[in-house]
Every structure is written in structure tokens, then in C-alpha cells.
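Add 301 to the 1-based position in the sequence shown for our numbering, that's all there is to it. Written out below as C-alpha cells is the structure these notes cover.
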Amino acid sequence: NVMSAAMLAEIGAALDRAERGADMVVLRSARPGIFSAGFDLKVFAAGDARRSLEMVRAGAELALRLMACPLPTISVMEGHAFPMGTFLLLACDVRLGARGPHRMGLNEVAIGIAPPSFAIALARSRLHPAWLSRTVTFGEMFEPDDAQVAGFLDRVVAPEMIDTALGEITTALRAIHRPSHAIAKKRLRRPALDAMRAAIEEELTLSAYE
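Pasting the structure below:
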């Protein structure tokens with residue numbers, strides 16, 4: 302479940318279809334035990350600056366798009382979520398997690414990478430400050446119950462209760478006034494969206510990657 306440029310494009314295409322006719326978006330992995338392994342590290346290891354930039358920029362744009370999506374969005378974590386997977390979870394309106402021995406977070410520092418500024422801006426908009434510092438500057442990863450306390454997740458349930466909880470959430474979201482939801486989301490997230498856009502334009506450039 303690595304977030305290659307191709308997979309990110311497929312998720313973007315699915316969002317296109319959703320925005321043309323769905324009433325909400327649910328982001329959920331079909332692979333047991335893992336939500337996403339994050340970006341394709343083989344692309345980074347190959348040393349191709351252009352391909353690395355293409356992949357990271359596609360991920361940043363997708364996270365930005367989810368943050369601004371006019372539809373209600375739900376993410377479902379039922380396994381490990383390494384950074385790009387965590388970015389997509391954070392960008393959704395309601396983050397549902399299954400309790401278990403799996404982790405999520407921004408582990409870039411732990412593997413020798415400085416986290417991108419767009420991701421820090423996204424995390425700052427959702428996480429409690431003390432936990433934000435731990436995950437950004439030390440690369441700590443958190444299991445679901447701690448992730449909920451930190452602000453990564455909104456609700457954590459036993460794995461066998463995920464479908465029940467998801468049904469409750471979708472029922473509640475269908476009852477809201479969607480135009481008001483879209484406007485409220487835009488107003489609430491404008492500072493984070495502006496910060497993410499500025500970071501993408503300033504930092505995710507070919508010259509920076511070269």
C-alpha cells in the first residue's frame with residue numbers, strides 16, 4: 302500500500318468521481334493490517350529528483366484537496382499508517398481507528414528525513430501542541446489510543462466494531478446541511494490551507510530536490 306505517484310493519481314480520480322455525485326468520501330484500505338506504508342521509498346532511494354518531487358508533490362496536493370473537500374470525509378485506520386498515509390488520515394473530517402498494535406505518525410526524523418513543511422502545517426491544524434512536537438521533531442509513532450489523545454484520531458473502537466461505528470458516522474453526516482458544512486470547513490481551515498499551499502510552492506521544487 303505504498304503511495305506511488307500512480308496510486309495517488311488513482312485516489313485523485315476517485316475523488317473526482319465522488320465530487321460529481323456522492324454525498325461523502327470514505328478513505329479505507331482494502332489490505333488487512335496496514336492503512337498505508339507511506340511514500341514509495343524505492344523512488345527516493347533511486348536518486349531521481351524529478352520522480353521524487355512528482356510523488357511528494359502529488360501527495361501534498363492530495364492532502365490539500367482532502368482538507369478542502371466540500372463533501373464530508375471519513376478516514377478509517379485499521380492498520381499501520383506511515384507518513385503519507387497519516388497525512389491523508391489527518392486531512393479527513395472524521396478519523397476512525399481500530400484498536401490494535403499498529404501505529405501512525407510522522408516518522409521522518411527517525412529514518413533520517415526532515416518532514417516537509419506542508420505536512421507540519423497539516424499536523425499543526427489537527428494535533429495537540431505537546432504531541433505535535435513529539436511527532437515532528439522526534440518522529441514518534443503512536444498506537445490508536447494514544448493517537449486519539451494526540452489528535453490524530455477522533456474515535457477508536459474494537460476492530461469488530463469498525464463497520465458499526467462507520468455506519469453511525471455516515472448516518473450522522475448524512476443529516477448535516479452540506480452547503481453549510483462546506484462553508485464552515487473552508488472558513489475553519491483557511492489558515493492551514495494557505496500555509497500548506499505556501500509550503501508546497503516554496504519547498505516542493507525541482508531545484509530543492511536536486
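The beta carbon of each residue, even a glycine, is placed where N, CA and C say it ideally should be.
Round the Cβ separation of residue i and residue j to the nearest angstrom and send it over; I've been treating them as touching at under 8 Å.
i	j	result
M385	G360	5 Å
V357	L505	6 Å
N302	R332	5 Å
A323	L372	7 Å
A399	V458	7 Å
P402	E444	7 Å
A422	A500	6 Å
Tell me the rounded alpha-carbon separation between residue i and residue j.
i	j	result
R479	L389	21 Å
R456	L397	5 Å
I463	D447	18 Å
S305	A496	24 Å
D317	Q449	30 Å
A451	M368	19 Å
E320	C370	8 Å
S418	E502	11 Å
A485	S330	28 Å
A483	I477	11 Å
A338	R488	32 Å
F453	D394	11 Å
R475	I335	28 Å
Y510	I412	18 Å
L354	A415	15 Å
S481	E362	24 Å
F340	T472	33 Å
R404	L309	21 Å
I470	S508	44 Å
A307	P430	34 Å
A382	R490	23 Å
E461	L467	11 Å
A420	T465	31 Å
V327	L342	26 Å
L391	I312	16 Å
S387	R366	Reading off the sequence shown, one finds Thr at residue 387, where the question assumed Ser. Spanning the two alpha carbons is a distance of roughly 15 Å.
In the DSSP output, what is residue i paired with across the bridge?
i	result
G406	M442
A399	V458
F388	DSSP, once it has assigned bridges, lists no residue as partnering F388.
E326	Checking the displayed sequence, the identity of residue 326 turns out to be Val instead of Glu. Its beta-bridge partners are T374.
A243	The chain is shown from 302 up to 511; residue 243 falls before or after that span and cannot be answered.
Item to check | Inter-stretch contact (C-beta, 8 Å, three-pair minimum) for the segment 372-380 and the segment 426-436 | outcome: Inter-segment contact for the segment 372-380 and the segment 426-436 is absent: fewer than three beta-carbon pairs are separated by less than 8 Å.
Checklist entry - Touch check for the segment 403-412 and the segment 437-450: three-plus C-beta pairs under 8 Å? => result Contact between the segment 403-412 and the segment 437-450 is present, because at least three Cβ pairs lie under 8 Å.
Checklist entry - Which whole runs of the alpha helix (DSSP H) in the segment 304-362 are 4 residues long or more, in chain order? => result You should have 306-322 and 342-346.
Next on the checklist: When you compare the segment 488-503 with the segment 420-432, are there three or more beta-carbon pairs, one atom per stretch, that lie closer than 8 Å?
Outcome noted: The segment 488-503 is in contact with the segment 420-432.
Item to check | Whole beta strand (DSSP E) elements within the segment 453-499, 3-residue minimum | outcome: Here the runs fully enclosed are 456-458.
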